[in-house]
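J.: Submitted below is the structure of interest, expressed as structure tokens.
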């Protein structure tokens, strides 16, 4: 009688099945979990001549991480272009720009991003600095959060931006307060107007290379699936091409970009893109990977650092008083409600960007209106970022079955937040930031996403901040609003089962017989007694040894 053997057996490490539920061995066959046992002897019968057996004493096996909010194509593109994410300060940025420009003398534009606003006065770098290192070609550099851009004089000239150019309705041209001349920093819609019309855009081959670059990095961190929070027609085509070629080894849900400069007339295009994408995905759905364009991303506001995050009450002026600025909402309330109601009716999940308390409230209001109109369903709408949430709105997440999509790495003390956010929020509102524990206590479901390349893609670093509210790079720093810390069980569940739930991926986020074998082997048992204490939680010291996606090894530290 033929006996089916396992493709892979992991043993020696503890296998986390759930809270306080453990196994000691897991066997994988045909892309699924074939067996679980207390130890090696319980899966011995599944070992054949071609079975790979991996002994990992002291390690830990957890479900594959899923990132519920990531910009993989753009992050991969950054890694292939000029990346300033690691540049610490103005001088370091300029040195990196100069070196890159010298090495790429034939490039007609210098394009990249990742600079941090905290390194420049008032968060606004100047064109003169760029002119000094790249005087002969246009330079366009998005900042780290993709809400602003730094341009040199040549780029401003090519775009026709002068002191007489009016601000767009959804953005701002930073200007010299005396002369009115553009400084060289464009915020929000002003930056994207230049990017979309003047900056050379990648072709399909470059987008595919960028996605593969990002996928390799994400797999090395234990990530087996994600939701892309900004899918354009070009990146959708690249994803679909890679999926058909069998080179997309992750399961990716695409959030199609809602054009905030248009209205309901774009809905037929979104429906057409979804149907085309699902038709492409159908023949390869059995692989456990692929691209599913089933969500729509709506930006409801900007960010607090440049005063485009939408607040219920005006920003403070930084000196104890109040300004007349309440930020920007990109969709008027009635349009937002109409869009969400129709998207919900058409079977789309809605992925909201909401930073300020007004943006969070208006997103919840729109979902409430959609529920009243369409009835309950299983769309699994989610609101990303939730930086400032009014206490009255915390309990509405659970009541409306809205997932809080948390970027936990942001919930630490940072010079940018201390200098560019908190003084303009005021003490009371500053205390409402990233209320993860309050959301959880209210019954809300949490998911986790990195927003990479805005911040690290490493789930272990994000888990550490969720648990400690301090930086993994400075563990002695005071915790940021420590009452909002969550425990390791809740944090890990959010980054596995929670994000898989957002992605309608009911075969992932768990370790159970019959489930898809998306697994991560860590070299350290982060649940071991004494590893996480009141004084220490060095979660990001652990390293990924092996990542399995649908049973296939997509990352192996040894190779």
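Residue numbers (my numbering): 17 to 575.
Ideal placement from N, C-alpha and C gives every residue a C-beta, glycine not left out.
By a C-beta neighbour count over all protein chains shown, 10 Å radius and 16 as the cutoff for buried, is residue 185 buried or exposed?
T.: The residue in question, residue 185, is exposed, as its Cβ has fewer than 16 Cβ neighbours within 10 Å.
J.: Output yes or no for whether 8 angstroms exceeds the beta carbon distance between residue 513 and residue 48.
T.: Going by C-beta atoms, residue 513 is not nearer than 8 angstroms to residue 48.
J.: Quick check on the burial criterion: 16 or more other C-beta atoms within 10 angstroms. Buried or exposed for residue 18?
T.: With a pLDDT of only 49 at residue 18, under 50, the local geometry of the prediction cannot be trusted, and no value is derived from it.
J.: Residue 553 to residue 381, Cα distance in whole Å?
T.: So the two alpha carbons sit approximately 38 angstroms from each other.
J.: In three-state DSSP terms, what is residue 40?
T.: Of the three classes helix, strand and coil, the one that applies to residue 40 here is strand, per DSSP.
J.: State the start and end residues of the unbroken beta strand (DSSP E) segment that holds residue 81.
T.: Taken as a continuous stretch (DSSP letters only), the beta strand (DSSP E) holding residue 81 covers 81 to 86.
J.: Can you tell which of 62, 352 and 134 has its C-alpha closest to the C-alpha of residue 435?
T.: When each option's Cα is compared against that of residue 435, the closest is 134.
J.: On the three-state DSSP scale, how would you describe residue 376?
T.: Here residue 376 sits in helix by DSSP.
J.: Skipping 5 residues on each side, what residues in its chain have a beta carbon closer than 7 angstroms to that of residue 309?
T.: Result list for residue 309: 247, 252, 270, 272, 289, 290 and 293, in chain order.
J.: Do residue 508 and residue 479 have their C-beta atoms within less than 8 angstroms of each other?
T.: In contact: residue 508 and residue 479 (Cβ atoms closer than 8 angstroms).
J.: Residues bridged to residue 367 by DSSP?
T.: DSSP, once it has assigned bridges, lists 313 and 398 as partnering residue 367.
J.: How far does the alpha helix (DSSP H) with residue 485 in it extend, from its first residue to its last?
T.: Taken as a continuous stretch (DSSP letters only), residue 485 belongs to no alpha helix (DSSP H), as it is neither H nor E.
J.: Across which residues does DSSP place residue 140 in a beta bridge pair?
T.: DSSP lists no partner for residue 140.
J.: For residue 550, which of 499, 510 and 562 has the nearest alpha-carbon?
T.: Taking only the C-alpha atoms, the option nearest residue 550 is 499.
J.: Can you tell me where the beta strand (DSSP E) holding residue 458 begins and where it ends?
T.: Careful: residue 458 lies outside any beta strand (DSSP E) and carries neither H nor E.
J.: Nearest by alpha-carbon distance to residue 50: which of 35, 260, 323 and 67 is it?
T.: Residue 50 has its Cα closest to that of 67, out of 35, 260, 323 and 67.
J.: How would you write the range of the alpha helix (DSSP H) that residue 435 sits in, first residue to last?
T.: Here the alpha helix (DSSP H) through residue 435 covers 431 to 436.
J.: Give the DSSP-derived three-state secondary structure of residue 281 in the structure shown.
T.: Here residue 281 sits in helix by DSSP.
J.: Does the stretch 231 to 249 touch the stretch 513 to 523, meaning 3 or more C-beta pairs lie closer than 8 angstroms?
T.: Because the criterion of three Cβ pairs below 8 angstroms is met, the stretch 513 to 523 and the stretch 231 to 249 touch.
J.: My output table needs one value for residue 199: the three-state DSSP class, helix, strand or coil.
T.: Three-state DSSP puts residue 199 in a strand.
J.: Closer than 8 angstroms by C-beta to residue 302: which residues in its own chain qualify, once you throw out the five before and the five after it? Chain order, please.
T.: Counting only Cβ-Cβ distances below 8 angstroms, and skipping sequence neighbours, we find nothing.
J.: Which of helix, strand or coil does DSSP assign to residue 346?
T.: Three-state result, residue 346: coil.
J.: If distances are taken between C-alpha atoms only, which option among 108, 332, 182 and 131 comes closest to residue 165?
T.: Nearest option by C-alpha distance: 131.
J.: For residue 22 versus residue 36, is the C-beta spacing smaller than 8 angstroms?
T.: No, the Cβ-Cβ distance between residue 22 and residue 36 is not below 8 angstroms.
J.: Determine, using beta carbons only, whether residue 590 and residue 168 come nearer to each other than 8 angstroms.
T.: The question about residue 590 has no answer, for the chain in this structure spans 17 to 575.
J.: So, at 7 angstroms on beta carbons, what are the nonlocal neighbours of residue 566 in its own chain, with the 5 sequence-adjacent residues on each side left out?
T.: These residues qualify, in order along the chain: 47, 303, 304, 305, 532, 533 and 534.
J.: Report the CB separation of residue 387 from residue 416 in whole angstroms; it is logged as a contact under 8 angstroms.
T.: That pair is a contact at about 6 angstroms.
J.: Could you pull the DSSP bridge partners for residue 158 from this structure?
T.: Answer is 129 and 165.
J.: Among residues of its own chain, excluding the 5 on either side of residue 563, which ones have a beta-carbon nearer than 6 angstroms to its beta-carbon?
T.: 235, 238, 536, 570 and 571.
J.: Can you tell me whether residue 529 is buried or exposed? The criterion is at least 16 other CB atoms within 10 Å of its CB, across all chains shown.
T.: Flag for residue 529 reads exposed.
J.: Given a threshold of 16 other Cβ atoms within 10 Å of its Cβ, counted over all protein chains shown, does residue 556 qualify as buried or as exposed?
T.: The residue is buried, with at least 16 neighbouring Cβ atoms inside 10 Å.
J.: Considering only DSSP beta bridges, list what residue 273 is partnered with.
T.: According to DSSP, residue 273 bridges with 313.
J.: For residue 177, which residues of its own chain have a beta-carbon under 6 angstroms away from its beta-carbon, when the five flanking residues on both sides are left out?
T.: Once the five neighbours on either side are set aside, the close Cβ partners of residue 177 are 198.
J.: Could you name the residues that DSSP lists as bridge partners for residue 422?
T.: 464.
J.: Would you mind sorting residue 322 into buried or exposed? The rule is 16 or more other CB atoms within 10 Å of its CB.
T.: Looking at its Cβ environment, which holds 16 or more other Cβ atoms inside 10 Å, residue 322 is buried.
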